[in-house]
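**Student:**
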Amino acid sequence: MVKKAVRSLKYVYLGLMVFFLYIPIIYLIVYSFNDFTVGRRVAYANLGKWKGFTLQNYANLFSGEAGSSLLLTLEIAAISSIIATVIGTAAAIGIYAMKKRTRNLILNVSELPMVNPDLVTGITFMMLFAFVNSVLVKLGLKQVGDIPKLLIAHISFSIPYVIFSVMPRLRQSSDMLYEAAMDLGCSPLQALFKAVIPDIMPGITSGFIMALTMSLDDFVVSYFVSDLKSVLSVYIYSSARGAKGVNPALATVIFIPLVTLLLIVNLRRISKEREYEIQSKKVKLKDKGGNL
Amino acid sequence: MKRRVFAYPYVVWMILFIVIPMLFIFYYAVNVNGQFTLTKFIATLKDAGKWKVLWASVVMAFKTTLICLLLAYPIAYILSNMKKSVAGFISVLFFVPMWMNFVLRTYAWQAILEYLLPDLKKFLGLEGSVLMVLVYDFLPFMIMPLYNTLSKLDKSLLEASRDLGANSAVTFFRVVLPLSVPGIVSGITMVFIPAITAFTVPALIGNGMYHLYGNEIELAFKTLSGQGDYAVGSTLSIILLISVLVSTLIMNHFDKDQQQGGQLW
């Protein structure tokens, strides 16, 4: 009896905590079907006054600023994570071949953006670009725009994550691979692409996913770096502080693909684990049979 | 061609975009309109109001971390004792919100506290509401490292403890808890340091009425009317960097103690 009570108490606790985490998401999705029109205007700031069911918010989403900043977020994430993966992977391969002292120096500096609070990373970039732009203005040249600024910042804070996920793979891989490939007649680039990179591919993939996540997730750095055009989270922050409010349909548009993706990945993993379990059971049974 | 050549593009990038930007903080702290001056730097250091806000932020971050730890530990513990496939599925439920834009979720809390649960907001007050949303935001970051450590814990140790006559409470406090310290330490680092610098939650939940240290820095750099005061902002950032450095060092110290203890064991 007591055991049963404790068990159900555990599930109640887990359920409550899951519910706590999902309250704002559910709230936004429910209100994404709310009618926000006040006269001729749309006032998303009234995020609590139910006026009737409509699908208009979804139609409005992609014509407004929210849609364009969502697209910009995806573009910046895709481009910056690809560039960060290329530079970071090459860097890891190079750093690995360096002498210990230089290697440690570079790795320590690379850790800075990971240890620094986002806030500090953001303002350092802000000051750098303000300085560069003031010099460019003096020279009568065009200033650096928001998109290149965002790209540079996102690439910079992503590269260390790529380096630190490729590094362990390199340690596992053979040191001789590169030399052996060259001895067998490969050019340096061929040796890289045909011998070294295939061997460290899992590290590169996880580095890429990290870079992608960091970029999609970023608010603070983008907020300080950009002036006019920016990514989704910056748009949400500035319109949440203003009187405009944010179109709650955004929550559904982000949530549904995310959950689908994670479910697919997770179900696959579970079925793989299941398969493995069955396989190992079979092996055990066979062993027993053999012993008999 | 030597392999180290492949790192050269990154080394150039690193100097341009990691090292040089960091130097700007120190440059702008003692430079106003291109002239070297210590007046603003010293005036900011002497500003008692700023130190008060820093202390309030540290206290707020401490409370956030403590509540997150108290809420997250049971979650991670329960999950780690479940069947692997079930635990995997439920843990995904806990981590999905982490991938949803956190500014959007904070914005939703702003509306919920204003329209759906105004009584809760009255009960918690401004500070309590900010604390609750901070706990909300950082909870998954505490669950993750705890769950990772607890699920890798060798279950035979628990059996051994029980065989040797310890009841489940003693087993928990003398075996499970000490072995999960690495997870606790990394959970604390993942929550405490970002919580000191959080400025989104106070700005949105407090509607500009409640300031933490992050807001002071934000306001120094991003005023609505044109360029902010770089000297003040840079000085505040230097103080922040030093505080973060000190707390990281303290944290590492604990981590190392634990590792050595484990080795001696």
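Line by line, the protein sequences are chains A and B.
The numbers in the working numbering rise by one with no breaks, and the one at position 148 of the first sequence is 148.
The numbers in the working numbering rise by one with no breaks, and the one at position 1 of the second sequence is 1001.
The C-beta atom is built at its ideal place from N, Cα and C for all residues, glycine as well.
Using a Cβ cut-off of 9 Å, pull out every chain A residue sitting near Thr1248 of chain B, in sequence order please.
**Tutor:** In chain order: Val115.
**Student:** Do Val18 of chain A and Phe1041 of chain B have their beta-carbon atoms positioned less than 8 Å apart in this structure?
**Tutor:** Not in contact: Phe1041 of chain B and Val18 of chain A (Cβ atoms no closer than 8 Å).
**Student:** Looking at the strands, I want to know which residues DSSP matches up with Gln1035 of chain B.
**Tutor:** Note: Gln1035 of chain B sits in a beta bridge opposite B:Val1032.
**Student:** Rounded C-beta distance between Met98 of chain A and Arg1105 of chain B? I'm assuming under 8 Å.
**Tutor:** Actually they do not touch by this definition, with Cβ atoms about 43 Å apart.
**Student:** Against Glu1159 of chain B, what residues of chain A qualify as contacts under a CB-to-CB distance less than 9 Å, listed in chain order?
**Tutor:** Within 9 Å Cβ-Cβ: nothing; Glu1159 of chain B doesn't reach chain A, min ~18 Å.
**Student:** At a CB distance below 9 Å, what residues from the stretch 1003-1014 of chain B approach chain A? Give them in sequence order.
**Tutor:** Residues Arg1003, Arg1004, Val1005, Phe1006, Ala1007, Tyr1008, Pro1009, Tyr1010, Val1011, Trp1013 and Met1014.
**Student:** Put Arg41 of chain A into one of helix, strand or coil per three-state DSSP.
**Tutor:** It is a strand residue.
**Student:** Does Leu128 of chain A have its Cβ less than 8 Å from a Cβ in chain B?
**Tutor:** Yes, contact with chain B.
**Student:** Skipping 5 residues on each side, what residues in its chain have a beta carbon closer than 6 Å to that of Thr1065 of chain B?
**Tutor:** So the qualifying residues of the chain are Ile1188, Val1191 and Phe1192.
**Student:** What residue range is occupied by the uninterrupted alpha helix (DSSP H) comprising Val220 of chain A?
**Tutor:** It spans Val220 to Val225 - the alpha helix (DSSP H) in which Val220 of chain A sits, taken as one unbroken run.
**Student:** Excluding the 5 residues preceding and the 5 following Ala43 of chain A in the sequence, name in chain order all residues of the same chain whose CB lies nearer than 6 Å to its CB.
**Tutor:** Cβ within range, chain order: Phe36.
**Student:** Evaluate Ser110 of chain A with the Cβ neighbour count: other Cβ atoms within 10 Å of its Cβ, from every protein chain shown; 16 or more gives buried, anything less gives exposed.
**Tutor:** With 16 or more Cβ atoms within 10 Å of its Cβ, Ser110 of chain A is classed as buried.
**Student:** Counting contacts by CB-CB distance shorter than 8 Å, is Leu28 of chain A in contact with chain B?
**Tutor:** It does; some Cβ of chain B falls within 8 Å.
**Student:** Can you pull the chain B neighbours of Asp118 of chain A, defined as C-beta to C-beta under 8 Å?
**Tutor:** Pro1194 and Thr1197, listed in chain order.
**Student:** Given that Ser1237 of chain B touches chain A, what residues does it touch there, using C-beta distances under 7 Å?
**Tutor:** Within 7 Å Cβ-Cβ: Val120 and Ile123.
**Student:** Using a Cβ-Cβ cut-off of less than 7 Å, give me the residues of the stretch 1016-1036 of chain B that come near chain A, in sequence order.
**Tutor:** Cβ contacts with chain A come from Phe1017, Ile1018, Val1019, Ile1020, Pro1021, Met1022, Phe1024, Ile1025 and Tyr1028.
**Student:** Can you confirm whether Leu1139 of chain B, when its beta carbon is compared against all beta carbons of chain A, has any partner nearer than 8 Å?
**Tutor:** At least one chain A Cβ lies under 8 Å of Leu1139 of chain B.
**Student:** Give the secondary structure of Asn1252 of chain B by DSSP, where H, G and I count as helix, E and B as strand, and everything else as coil.
**Tutor:** In the structure shown, Asn1252 of chain B sits in a helix (DSSP, three-state: H, G or I).
**Student:** For a cutoff of 8 Å on Cβ pairs, would you count Asn266 of chain A as touching chain B?
**Tutor:** Closer than 8 Å to some Cβ of chain B, the Cβ of Asn266 of chain A qualifies, so yes.
**Student:** For a quick check, are the C-beta atoms of Ile293 of chain A and Leu150 of chain A less than 8 Å apart?
**Tutor:** Outside the shown range of chain A (1 to 292) lies residue 293 of chain A, about which nothing can therefore be said.
**Student:** Does Ile1112 of chain B have its Cβ less than 8 Å from a Cβ in chain A?
**Tutor:** Yes, because at least one Cβ of chain A sits closer than 8 Å to the Cβ of Ile1112 of chain B.
**Student:** Could you tell me which chain B residues have their CB closer than 8 Å to the CB of Ala90 of chain A, listed as they occur along the chain?
**Tutor:** Those are Phe1006, Ala1007, Pro1009 and Tyr1010, listed as they occur along chain B.
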